[in-house]
Amino acid sequence: MLQHFDFYKNQIVHVERRNSRQAQYRGLRPLQLSKRVCDALEKCYNIHQLYSHQFEAIDAIHRGENVVLSTATASGKSLAYNVPMLNMLVEDPDITFVYLFPTKALAQDQLKSLRRLLEAANMPLHLAATFDGDTPMKSRSMIIRETRIFLTNPDMLHLTLLPQHRQWKQMLAKLRLLVVDEAHMYRGVFGSHVSCVFRRLFRLCALYGSNPQVVCCSATIQNPETHFRQLLPLLPPPSARAPSEMDTLESLQEELGPPNLHFFHQRPLKVITKDGAPSVEKLFCVWNPKVSTNDPHGKEPLASAVSKASSPAVITKKRKRMEKTKVTNQPDGEEQKAMTNSSTSAIYQSARILSRLVEAKIATLLFCRGRKLTELVLMNVHSILKSDSKMQSLLRRVSSYRGGYTLESRRQIEQRLFSGDLLGVVATNALELGIDIGELDCTIHLGLPTSIASLWQQAGRAGRRQQRSKEKQSVAIIVCFDAPLDQHFAQKHHAMELFQLEPEAVSLNPMNHRVLGQHLLCAARESALYSSLSGTAHIDSFVFGKLFGNKKAGGHSNYRIHSCMPKKFRAVSLRSICDETYAVVIPSNSVSNDGAEGEILDEIPSHKAFFQVYPTAVYLHQAQEYLITRLDNARRIAFAKKCQQPLTYFTTCRDYTDLEVVRIHTTTHLQHDHEKTNSDHVLICVGTVSILTRVFGSTMIEKRTLRPLGTNEFSLPPMQTFGEAVWLEFPVVLRKHVEARCLVSWTAALHGVGHLFVALVRLFILCDAEDVGTEHVNEFEQRTKPNRVTIFERREGGSGLVVEIVKILPKLIEKAWIIASECLCSNGCPACIQSTGCSEYNHVLDKQGSLMILNYLYAARLN
1 MLQHFDFYKN QIVHVERRNS RQAQYRGLRP LQLSKRVCDA LEKCYNIHQL YSHQFEAIDA
61 IHRGENVVLS TATASGKSLA YNVPMLNMLV EDPDITFVYL FPTKALAQDQ LKSLRRLLEA
121 ANMPLHLAAT FDGDTPMKSR SMIIRETRIF LTNPDMLHLT LLPQHRQWKQ MLAKLRLLVV
181 DEAHMYRGVF GSHVSCVFRR LFRLCALYGS NPQVVCCSAT IQNPETHFRQ LLPLLPPPSA
241 RAPSEMDTLE SLQEELGPPN LHFFHQRPLK VITKDGAPSV EKLFCVWNPK VSTNDPHGKE
301 PLASAVSKAS SPAVITKKRK RMEKTKVTNQ PDGEEQKAMT NSSTSAIYQS ARILSRLVEA
361 KIATLLFCRG RKLTELVLMN VHSILKSDSK MQSLLRRVSS YRGGYTLESR RQIEQRLFSG
421 DLLGVVATNA LELGIDIGEL DCTIHLGLPT SIASLWQQAG RAGRRQQRSK EKQSVAIIVC
481 FDAPLDQHFA QKHHAMELFQ LEPEAVSLNP MNHRVLGQHL LCAARESALY SSLSGTAHID
541 SFVFGKLFGN KKAGGHSNYR IHSCMPKKFR AVSLRSICDE TYAVVIPSNS VSNDGAEGEI
601 LDEIPSHKAF FQVYPTAVYL HQAQEYLITR LDNARRIAFA KKCQQPLTYF TTCRDYTDLE
661 VVRIHTTTHL QHDHEKTNSD HVLICVGTVS ILTRVFGSTM IEKRTLRPLG TNEFSLPPMQ
721 TFGEAVWLEF PVVLRKHVEA RCLVSWTAAL HGVGHLFVAL VRLFILCDAE DVGTEHVNEF
781 EQRTKPNRVT IFERREGGSG LVVEIVKILP KLIEKAWIIA SECLCSNGCP ACIQSTGCSE
841 YNHVLDKQGS LMILNYLYAA RLN
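According to the working numbering, numbering within the sequence shown proceeds without interruption in unit steps and concludes at 863.
Here it is as structure tokens:
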């Protein structure tokens, strides 16, 4: 069907066919389930047997083991813990269970299916209930008293259940099973926080005399067992104290003695990865918009003329004169191309594909990497449907879905999608999780998903109808961006590699000192630390010693260490180190926007607010344009004004980032076989860096021509974070060699390598595109840049990514070398060293210099 679209010009470069798979079944009899449970399964699901992985999980739970279940989307993982739960509840009606989900929407969805099972077993529906931020205060006491199965999220554990544990002592004392669903979502800083919440939970369980089993369910990932052991409070990892802290803490350690791990009870762990569920045939189509143009690869892209300003501190008189007279040609990003309806735009072509599928009544879900892309695609879809009188009636059957929408809006969209009223939904990965959204036929992926694991998770959202009705196949269409990783797999001779890759490893840092310090205070306030009853929080002494020394934790007789900081829980956010949000508000008073009253359009994470809702920004919401008139940082409100007519321009922010090394933790080196002296080594350093970012203005760009219409200047507070980084320091001899051969700036060559490394990290490690960054070079920079390429974590405190990046560095270098050397362009293009995320708009780049550096690295070996 795709090949019959009127705009099809051989964009499909590869079709991957995944054959159907027959189910592997096991009977119920060996599990010795109660008759009541067997009857409920027959009545609710009409099943008399289980998939093999469900059987293995239930059997292991019955034997008292912890379980890790890592299988594909829609493989029936929830039944693997619901069946033993129901069997235990039949035997003992007083025991309790906690089901943990990363989102409230997923918990609400699971509650529906769980109550159907309870009803089939003739058990009261109130035994299962959600407990989250939307639960009315007046209902909470009754839920605590009468509920046995609590569906909640880590935030509620942290903010409500654990601090108020005396109200929950009956539930904690009887807790038999903890279910952690979608466990792969607990990664990075969020995963570090959740790991600490679990430690606090198990301390309190021990205090009240329970020892719950744990079931972790996740999508298919590379390291399910390792991830489980990092996430759950098993044996503490080795101390990560800095050597300089040893002496200062020695007396404290000697006085306190060894940690008392009274709350720690080790169980056997069963890891299940073999999927016994059936699977329909699935077609993956790799769609490359670049194929539809006759422009040679590497031809200068459309001129964007957005002259990016640098730091005000380094702008020279020469630069000011040049900015008045020069219009700079630079690569246009996908967002800019989408504004002009460019035929090579991945955004525009995705919108056209979705429009045609909706016209053919094919239920389709289109995944985007972020909020802004979601709104851009929807705006393009609406434009396409409006242009054809025959398709205008379909406008109401296409919507967007993402975080930030109000609860009522999200519930309405979910219901319309489930009922079939919506034929097309443009969504972020908010719909990647296991929410039941009905029966879909097709998924579209705008850009290569952030990970191989996400690709399989997202593609698994389609095909459930075919699985039940035994139809032929479902389809997933991957529309490639003009970016290094996307274009690498968009080449016919590399496309097959994409489907041979294993899902990535999930990483989190259970020893994040900043996170541990915050949760130590929370744990100390819940129950005294180093108590014979509750045991220790089992964190390293370095963190504890610093808190003790700063008088944030103190002790009295018998060393019952407690918190000296009241109400600490509200100050600690799990979703990031700092998780405040900005509200986008349309003031109710059209004359003044000084008041906070009005319609709340959206909520923006604070770390993104200055880049999305800065003063003068054009903001998109459900395909409608708004102007941000003012940003109130004190109240965290962005005031918006609805545009009555479509604007002729869009805006981009102007910013700069400075990176400084604070501390070096470790060093190693890459060395050529022929190298004799240390002066020829490439040093690999790991340490802590300071990242200072300032947004100081915006540029208005005409949609039709991408011509700059003007700039705006404003002052926003600087944003400074401290994170972990790995950087490669190059020898002077290489710099002289590159500059002699290429006659270009050395920093231009390093800049291109940094772009490639950041673009390719997510090929090997499960992380989001915004989790890592590199230094960008400004053509008017006055300060001397170090001889280095840096990859830093954007999340403050570190999330464990740097450790994983060091492990895969040889693979990263090899893939970067392959992509740069195989790209046919001569000066660099978005398919190799250019980056649409470059804060300096790719002004200072040199492909030949970057290739020389990559050749040098590729020829070296880790020593």
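The beta-carbon is built from N, C-alpha and C at its ideal position, and this holds for glycine as well. Because the structure is a prediction, the values reported are computed rather than measured.
For residue i, the three-state DSSP class (helix, strand or coil)
i: P102; result: coil
i: G710; result: strand
i: L692; result: strand
i: G773; result: strand
i: R794; result: coil
i: N512; result: coil
i: V189; result: helix
i: V806; result: helix
i: N787; result: coil
i: W168; result: coil
i: V682; result: strand
i: I413; result: helix
i: Q54; result: helix
i: Q213; result: strand
i: R635; result: coil
i: A121; result: coil
i: Y25; result: strand
i: V844; result: coil
i: A462; result: strand
Cβ-based burial, residue i [other Cβ within 10 Å; buried from 16]
i: Q720; result: exposed
i: V758; result: buried
i: C205; result: buried
i: V398; result: buried
i: I149; result: buried
i: F489; result: buried
i: Q645; result: exposed
i: Q834; result: buried
i: T864; result: Here the chain has residues from 1 to 863 only, and residue 864 is not among them.
i: R682; result: Residue identity differs from the one stated: residue 682 is Val in this sequence, not Arg. It is buried - the Cβ of V682 has at least 16 other Cβ atoms within 10 Å.
i: G849; result: buried
i: Q170; result: exposed
i: V733; result: exposed
i: S387; result: exposed
i: P136; result: exposed
i: R694; result: buried
Contact belief for residue i with residue j at Cβ below 8 Å, rounded distance in angstroms
i: S698; j: A617; result: 6 Å
i: P768; j: L801; result: Note on identity: in this sequence residue 768 is Asp, with Pro being the wrong assignment. About 10 Å; that fails the 8 Å criterion.
i: V761; j: I819; result: At roughly 13 Å, the Cβ-Cβ gap does not stay under 8 Å, so V761 and I819 are not in contact.
i: E943; j: R18; result: The structure shown has nothing for residue 943, since the chain only spans 1 to 863.
i: R794; j: G773; result: 5 Å
Residues bridged to residue i [DSSP beta-bridge criterion]
i: P587; result: G598
i: M1; result: DSSP lists no partner for M1.
i: N66; result: L269
i: I149; result: F97, A128
i: E702; result: Y649
i: F367; result: A427, H445
i: L283; result: R17, V475
i: K642; result: Y626
i: E603; result: A583
i: L766; result: V506
i: F722; result: S690
i: T657; result: T693
Near the ligand GDP: residue i beta-carbon under 6 Å from a heavy atom
i: N122; result: Among the ligands in the structure shown, none appear at all, so the ligand GDP cannot be discussed.
| Is the region 25 to 35 in contact with the region 515 to 532, if contact means three or more CB pairs nearer than 8 Å? | no
- request: Determine contact between the region 607 to 624 and the region 658 to 671, defined as no fewer than three beta-carbon pairs at a distance below 8 Å.
  value: no
Margin query: Three Cβ pairs or more, each shorter than 8 Å: is that satisfied between the region 815 to 829 and the region 636 to 647?
Written below: no
Notebook entry, point to check: Counting pairs of beta carbons, one from the region 115 to 131 and one from the region 189 to 197, are three or more of them closer than 8 Å?
Noted result: no
Review point. If we count Cβ pairs, one from each stretch, closer than 8 Å, do we get three or more for the region 58 to 77 versus the region 267 to 283?
Key: yes
Under 8 Å: do the region 73 to 83 and the region 50 to 58 share three or more Cβ pairs, one atom per stretch?
yes
- Task: Take every Cβ of the region 171 to 189, pair it with every Cβ of the region 119 to 129, and state whether three or more of those distances are shorter than 8 Å.
- Result: no
| Given 8 Å as the limit, is there contact between the region 425 to 439 and the region 362 to 371, that is, 3 or more CB pairs closer than that? | yes
I'd like to know if the region 83 to 96 and the region 187 to 194 are in contact, where contact means that at least 3 CB-CB pairs between them fall below 8 Å. no
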